[in-house]
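Heads up: the protein sequence lines correspond to chains A and B, in order.
FYI, in this note's numbering the residues of the first sequence are 1 to 162.
FYI, in this note's numbering the residues of the second sequence are 163 to 435.
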Amino acid sequence: MSHSEVQNLLLLGGILFALGLIGFLTRRSLILMFLSLETMLSGVSLNLIVFSKYHQNYQGQILAVMVLTISACEAAIALAMVVSLYRRKATLDVQAWDDLSETILPKSTSGDYQDLEHEENYPKLSPAGLDPLDRPVPSSMQASLDQDQKTSPIVSEVNQRA
Amino acid sequence: MNPLPIDPKNLPLVNGDPFQGNLAQILLMVILLGAVAYLLLQHGLIKSKMMAWAGAGLFAFAALMAFTSIPMQLDSLVRMCFSILAVAGGIAFITTREPVHAALGFATAVLSSCGVMFMQSAYFIAAATMIVYAGATIIIFLFVLMFAQKAQLQWYDVQLTSPVIATVVATSLLLAIAWSVSESGEILPVKLDLTRPYSLAETGPSPGTVMPPVPEASMTQEQLNAFVPAKTSGLGRSMFTDYLLAIELAGTVLLVATLGAIVLAQKPERDLS
């Protein structure tokens, strides 16, 4: 195994790591951030395997087995967390959970960040009846407090007792 | 205590070639990668087809430069093809808009790096990585993605968090890696470091856990025929003798993670009171 071959393969591991780093720093979807982490880990295990071949023993491969195990554990737990977070806010955006961090830090630094209000994922009732803002009730059918006070027998009875 | 089955001093040393001076090509590749990433990540993901074509052209140029820097042998050509596929999958992973396409790019990158691992005689790791990453992880990720994905693209799929800073950080990290990797001088292949405490120095490796030596270019064909590839059985023997405790620990961690995932993913019971 020549020297330049080792160099090229180590550089490949480094490139995979750097691409995963870019993905982790830029993506905002929770799932894609975890996939970027897995990319970084695959670059690391490639590095370990190249050195294992170069030194002609199995220590690097054993370490790669450990990395594989830990990444499988991380994927399982991360996906369970993503599912339970999605149940809370019905979004995969990582910045929906910004309020878990320090509150004195400034908000997102990216340019045109739409500040959406994320509501809890409550069930919604379908609207029934007329929307008073859309179609105003005609004035003849509007209830008026003053007229009711004059004409209502209950109100006059109450007034008499008082 | 077993005596050392193979004296480490008598193992044939792999002669590293002297540094061949491809630092310029490596740095060119890195800088081109940085340019590609910056171009594609500029203010959100790919917006125009022109930008995508420019990025693809730059990548093809970098790949060509990489091809010219290797010797024209079949194994190095295949290895370089796998490497270029891996890098292309990684770039597709960070630049596509659709999350499913990004997951497919990730699968491409991982499968190609598995090919590289296979050529490094890490057969077990390559197979396990294929099963775990490309089989289990990708399937579960796609499952969650389809569970949580809306019909059309969401704005958080397209918007990026400070792409310029991330690209600069990653490119400088890659430059540092390339600089240290392409440092001139040999890395001496150390068979067994007998000076370190808590290594295999006290007991020595179990029999059969040292890889067979690697053929060199200067050998004759008869000498080359004598070599057999490294066996997976050696890895298994080393795993269950020298590193038994670590492997048991990994199994325990897997069990705990499984329990944690089950507990975390349970639907919370509604409070009816």
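For glycine and all other residues, C-beta sits at the position ideal for the given N, C-alpha and C.
Residues in its own chain within less than 8 angstroms of residue i by CB, not counting five upstream and five downstream?
i	result
L35 of chain A	G23
L32 of chain A	G23
Q316 of chain B	none
L186 of chain A	Past the edges of chain A, shown from 1 to 162, lies residue 186 of chain A, and the structure says nothing about it.
V175 of chain A	In this structure chain A extends from 1 to 162, so residue 175 of chain A is not present and cannot be described.
G422 of chain B	none
Return the residue from the list the options that minimises the CA-CA distance to residue i.
i	options	result
A296 of chain B	B:G267, B:F244, B:V306 and B:A427	B:G267
L397 of chain B	A:A128, A:Y58, A:L9 and A:S45	A:Y58
A64 of chain A	B:Q314, B:T291, B:L273 and B:V249	B:T291
F305 of chain B	B:V262, B:Y318, B:V343 and B:S274	B:V262
Q311 of chain B	A:T91, A:S84, A:L37 and A:S45	A:T91
T403 of chain B	A:I62, A:A76 and A:S71	A:I62
K53 of chain A	A:V6, A:S126 and A:L125	A:V6
W97 of chain A	A:F17, A:L68 and A:R28	A:R28
S275 of chain B	B:T323, B:V294, B:S245 and B:I253	B:S245
W215 of chain B	B:T257, B:V240, B:Q235 and B:A248	B:T257
L30 of chain A	B:S342, B:T323 and B:T420	B:T323
M281 of chain B	B:I293, B:L236, B:K429 and B:A264	B:L236
Quick one: what's got a C-beta closer than 7 angstroms to residue i's C-beta in the same chain, skipping five residues either side?
i	result
L19 of chain A	T39
Q114 of chain A	Unreliable positioning characterises Q114 of chain A in this predicted model, as indicated by a pLDDT of 46, which lies under 50. The coordinate reading is nonetheless provided below. Nothing meets the Cβ criterion.
I463 of chain B	Nothing about residue 463 of chain B can be reported from this structure: the residues present for chain B run from 163 to 435 only.
E431 of chain B	none
M242 of chain B	A228, F229 and I232
M401 of chain B	I409
H118 of chain A	Note that H118 of chain A scores 48 on pLDDT, short of 50, meaning its location in the model is unreliable; the coordinates nonetheless yield the value given after this. Hits under 7 angstroms: K89, T91 and A96.
Please list, in chain order, the chain B residues whose beta carbon lies closer than 9 angstroms to that of residue i.
i	result
K89 of chain A	Result: empty, since nearest Cβ-Cβ is about 11 angstroms, beyond 9 angstroms.
L37 of chain A	Within 9 angstroms Cβ-Cβ: nothing; L37 of chain A doesn't reach chain B, min ~11 angstroms.
L11 of chain A	I188, M191, V192, S245, L336, I339, A340, V343 and S344
Quick check on the DSSP output: the alpha helix (DSSP H) that includes residue i runs from which residue to which?
i	result
R259 of chain B	Counting along the chain, R259 of chain B falls outside any alpha helix (DSSP H), and DSSP gives it neither H nor E.
Y318 of chain B	W317 to V320
N8 of chain A	H3 to T26
E102 of chain A	First-last for E102 of chain A: undefined, no H or E at that position.
L304 of chain B	I300 to A310
G396 of chain B	T394 to T403
P325 of chain B	P325 to V343
L417 of chain B	L406 to A427
Y285 of chain B	Y285 to T291
A218 of chain B	K211 to T230
Against residue i, what residues of chain A qualify as contacts under a CB-to-CB distance less than 9 angstroms, listed in chain order?
i	result
A225 of chain B	Result: empty, since nearest Cβ-Cβ is about 12 angstroms, beyond 9 angstroms.
I302 of chain B	A75, A76 and L79
M401 of chain B	Y58, Q61, I62 and V65
Residues of chain B with CB closer than 8 angstroms to the CB of residue i, please, in chain order.
i	result
E102 of chain A	Simply none; closest approach about 17 angstroms.
A128 of chain A	Neighbours of A128 of chain A on chain B: none; closest Cβ ~25 angstroms, over 8 angstroms.
S140 of chain A	Per Cβ cutoff of 8 angstroms: no residues; S140 of chain A is ~46 angstroms from chain B at best.
Where DSSP assigns a beta bridge to residue i, which residues make up the other side?
i	result
D93 of chain A	A:S29
N47 of chain A	Note: N47 of chain A sits in no beta bridge, so no partner.
For residue i, which residues in the same chain have their Cβ closer than 6 angstroms to its Cβ, ignoring the five residues on either side in sequence?
i	result
T270 of chain B	G251
L273 of chain B	A296
A338 of chain B	none
Under 7 angstroms between beta-carbons, which chain A residues line up against residue i? List them in chain order, please.
i	result
V306 of chain B	I31, L79, V82 and V83
M279 of chain B	L46 and I49
A289 of chain B	Residues of chain A passing the Cβ test: none, with the nearest at roughly 11 angstroms.
L247 of chain B	Those within 7 angstroms of L247 of chain B in chain A number zero; the least Cβ separation is about 11 angstroms.
T420 of chain B	A76
A427 of chain B	A80, V83 and S84
Comparing the CB of residue i with every heavy atom of the ligand MN, is any distance shorter than 6 angstroms?
i	result
A80 of chain A	The ligand MN is not among the ligands present in this structure, which contains no ligands whatsoever.
Determine the chain B residues that contact residue i at a beta-carbon separation under 7 angstroms, and present them in chain order.
i	result
M66 of chain A	A408 and A412
D93 of chain A	Y318
L125 of chain A	In chain order: nothing, as chain B lies at least about 18 angstroms away.
L16 of chain A	A248, G252, A271 and S275
Note down, in chain order, every chain A residue with its Cβ under 8 angstroms from the Cβ of residue i.
i	result
I256 of chain B	L19, I22, G23, T26, R27 and S36
L437 of chain B	Because chain B in this structure spans residues 163 to 435, residue 437 of chain B falls outside the shown range and cannot be described.
G297 of chain B	In chain order: nothing, as chain A lies at least about 11 angstroms away.
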